[in-house]
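Number of protein chains: 2
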Amino acid sequence: MEPDEAADVLGDLSPEMAANAIAEMEDAEVVIPLLSYPDETAGGLMTTAVLSLSPHKTAHEAIEILRAETPGSDIPYYLYVVDEEKKLMGVVGLRDLIVAQPEMVVQDFMDPDVRFATTEMDQEDVAHMMVRYDLAALPVVSDDGVLWGVITHDDSMEVLEEEATEDIYRLANVSDADLSIDSSIGLSVKRRLPWLFLSALTALFASWVITRFESVIAQVALLAAFLSVVAGLGGNTATQSLAIIVRAIALGEIEFRHAWKTVLKESAIGLIDGIAVGLVVGVGVYLWTDNYIIGIVLCLALIVNMFVAAIAGTLVPLFLKAIGQDPALASSVVVTAITDSVGFAVFLGMAAYALTVWS
Amino acid sequence: MEPDEAADVLGDLSPEMAANAIAEMEDAEVVIPLLSYPDETAGGLMTTAVLSLSPHKTAHEAIEILRAETPGSDIPYYLYVVDEEKKLMGVVGLRDLIVAQPEMVVQDFMDPDVRFATTEMDQEDVAHMMVRYDLAALPVVSDDGVLWGVITHDDSMEVLEEEATEDIYRLANVSDADLSIDSSIGLSVKRRLPWLFLSALTALFASWVITRFESVIAQVALLAAFLSVVAGLGGNTATQSLAIIVRAIALGEIEFRHAWKTVLKESAIGLIDGIAVGLVVGVGVYLWTDNYIIGIVLCLALIVNMFVAAIAGTLVPLFLKAIGQDPALASSVVVTAITDSVGFAVFLGMAAYALTVWS
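Read top to bottom, the protein sequences are chains U and E.
The numbering used here puts the last residue of the first sequence at 392; the count rises by one with no breaks.
The numbering used here puts the last residue of the second sequence at 392; the count rises by one with no breaks.
Printed below as a string of structure tokens:
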């Protein structure tokens, strides 16, 4: 087991079990420092097996250091240059080292503009930084600039995979990215059932909205057939906006001071889509049922609900992100609750009004 | 612009425009070979700027080759060893090169067990291979073993990001991974509206199912209030299964000959969740409405629909994958069509029967 994996495992154990495990470990001195960093930070992700170098060494001496390393260890891509206090000063690529004259001093050919992460940085920010700058490895320093470890491209790839799984799951109301097709039935039920209960609760609220119009439905039972059309299209429109916004937040594409532009744009899309679908479905349902009131009311309800859905699907994840929550978490439950209730109230409310006026 | 990016751009141009662009290019000889590979393959993804080496060179000569390379080009992580016919024979890591004695011959310290991709391999399979084996770079060879290029970790990370975006979008019925919050309103409507029309069509089919029970609803208008609960929970259960299966397929975790186990497990989860939610909601609605028929019928309909939903949410993406389609594409529309129609038919059918028997 690698030291950083060992630290992950230890972090999940009870204190006594962890103490026993550490006592039996050969490389405990490498694992223990990792234990103090939270799991989802650069500190928790890094490996402490990092090759560092004094700036006063020559290229030849640097090569000797590399030669002394066990060949079995992780292949390093860069050597990091640190001063006497272990503070990060620069970086030397293996290629630079190879092409340097043997007697050249490291500080004369190192790159002093080295990108780094701090130990408490979020692991997703680290992964995005490595993608943006095409880095094979990124050094990790504490607040005082001391080099503690390194994160390699494979760590950051795993973070990105994990993050994508998390977003897909959370949009689908599965709360735990650890869940997979190999999870036990018991664990799956435990992770999925609470969301279904929450969803039942919001669905029952929407039911309550419908009961307010029981007399209208009793009068025109056909109205009931189109409730699901209003709810379904609201839900779909909102899900589209949600997916675009959640993904944009994950990829760091949203600038919050320009968020109002995104909200405006999504609401315009919702309105255009609503008018298009509303007109086609309204006319279609009129031709089918020969009931022009249902056709008109359905058309208008779709326009309103799809407009509201696009706004809710945009604002809810932005709001969750702004208050420091995961934008994907609970977004779909909240948004569905809004679109269902608004959709039913608008559709049945307008139907009730139309029946009073036209009957 | 890098040669591989230039090839991407050229591939999207009309033949005349591409010819003009090539005529004005400085490194056309690097770009042209890339044009013959489809976009989503290893051949389309690789860069042809790969450092190769004869097995008879010494470590010292290899270092001279590296020194002669322009420092501005991509930093290589490995040197690939090829025979006179350019066939891939082995790999030399930069670290191996550094620690080798200068007079050592490359074929004596190269690693002959080199992992590689073939030009026509799917780019997602390449990315997963690089993640599995923690590779910073992967050489790409044609069918006859000739080395054509290399794919680096940053390329494969971009593929993984793109793939995750695609899955998230497709599950949300947005058909184009190129869409982002920066896309124009026109393009967004064009990509999203067709899915909404498709969704309207399936919703209207579910409406038609409801109209078959118009007389039952006219008799007990309150039934209409709970249609959305049946549909909503069916949809949610199916979405959970969909997310787990689509992600498992994307991460290569599913073995198709064991797919029946997954179907069995998901259906068990759907049944357990259905019984739990059905009982709680059934009792709750009975207490609320004081109508035991609605309570019992709703409980049973939820159990049946959530059971069916979990099976549909598992089988539909597996089926799409089996016939060579993207499992995320259209899955949610098809699955929702199934759960809505089944849910409404079961709920209203049982209600009709109960009213006949008990009234």
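Yeah, the Cβ is synthetic: ideal placement off N, Cα and C, and Gly gets one too.
Exclusion of the five residues before and after U/Ile-218 leaves no residue of its chain whose Cβ lies closer than 8 Å to its Cβ. The secondary-structure analysis by DSSP pairs U/Pro-172 across a beta bridge with U/Val-183. At a cut-off of 8 Å between C-beta atoms, E/Asp-373 counts as an interface residue with respect to chain U. The Cβ atoms of U/Val-115 and U/Leu-180 sit closer than 8 Å to each other. Take the alpha-carbon of U/Lys-298 and the one of U/Val-207: they are about 29 Å apart. In its chain, beyond the 5 residues on either side, Leu-304, Gly-307, Ile-308 and Gly-311 have a beta carbon closer than 8 Å to the beta carbon of E/Ile-336.
Those residues of the region 131-156 of chain E placed with their C-beta closer than 9 Å to a C-beta in chain U are Ile-131 and Val-132, ordered along the chain. Closer than 8 Å to the CB of U/Asp-158 there is not a single CB belonging to chain E. In chain U, no part has a C-beta under 9 Å from the C-beta of E/Lys-354; the shortest such distance is about 13 Å. Residues of the region 233-266 of chain E with a C-beta atom less than 7 Å from some C-beta of chain U are Ala-233, Ala-236, Leu-237, Ala-239, Ser-240, Ile-243, Thr-244, Glu-247, Ile-250, Ala-251, Ala-254, Leu-255, Ala-257, Ala-258, Phe-259, Leu-260, Ser-261, Val-262, Ala-264, Gly-265 and Leu-266, listed in chain order. Contact between the region 284-295 of chain E and the region 281-292 of chain U is absent, with fewer than three C-beta pairs closer than 8 Å. For E/Ala-276, the neighbours in chain U by C-beta distance under 8 Å run, in chain order, Ile-201, Tyr-202, Leu-204, Ala-205 and Val-207. Judged by their CB atoms, E/Val-159 and E/Tyr-113 are not nearer to each other than the 8 Å cut-off. E/Pro-145 is classed as exposed because its beta carbon has fewer than 16 other beta carbons within 10 Å across all chains shown. In chain U, no part has a C-beta under 8 Å from the C-beta of E/Glu-94; the shortest such distance is about 12 Å. For secondary structure counted as the beta strand (DSSP E) over 3 or more consecutive residues, the region 74-124 of chain E holds these complete runs in sequence order: 111-115. In the displayed model, U/Thr-151 falls within a strand according to three-state DSSP. Using a Cβ-Cβ cut-off of 7 Å, U/Tyr-110 is close to Tyr-110 and Ala-169 of chain E, given in chain order.
Judged by pairs of C-beta atoms under 8 Å, the region 172-192 of chain U does not touch the region 247-261 of chain U, as fewer than three such pairs exist. By the beta-carbon neighbour count (other beta carbons within 10 angstroms, threshold 16), E/Gly-357 is exposed. Taking a Cβ-Cβ threshold of 9 Å, the residues of chain U close to E/Ala-197 are Leu-193, Glu-194, Glu-196, Ala-197, Thr-198, Asp-200, Ile-201, Arg-280 and Ala-283, in chain order.
Assignment of E/Val-138 by DSSP, reduced to helix, strand and coil, places it in the strand class.
A straight-line Cα-Cα distance of about 22 Å links E/Val-164 and U/Arg-280. Chain U has no Cβ within less than 8 Å of the Cβ of E/Ile-329. Here DSSP, grouped into helix, strand and coil, assigns U/Asp-144 to strand. Interface flag for E/Thr-270 against chain U is set, since a Cβ pair is found closer than 8 Å. The beta carbons of U/Ile-282 and E/Ser-221 sit about 17 Å from each other, so the pair does not count as a contact at 8 Å.
In the DSSP assignment, U/Gly-126 is bridged to U/Tyr-111. In terms of Cβ geometry, E/Gly-267 and E/Thr-347 do not form a close pair [threshold 8 Å]. Residue state for E/Gly-376 is assigned as helix, using DSSP reduced to three classes. Listed by position along chain U, the residues whose Cβ is nearer than 8 Å to that of E/Ala-301 are Ile-218. Remark: C-beta atoms of U/Ser-365 and U/Leu-204 approach each other more closely than 8 Å. For E/Arg-165, the uninterrupted alpha helix (DSSP H) run begins and ends at 156-165, by DSSP. U/Ser-69 counts as exposed, since fewer than 16 other C-beta atoms from the protein chains shown sit within 10 angstroms of its C-beta.
In this structure, the CA atom of U/Ala-271 is about 15 Å from the CA atom of E/Phe-230.
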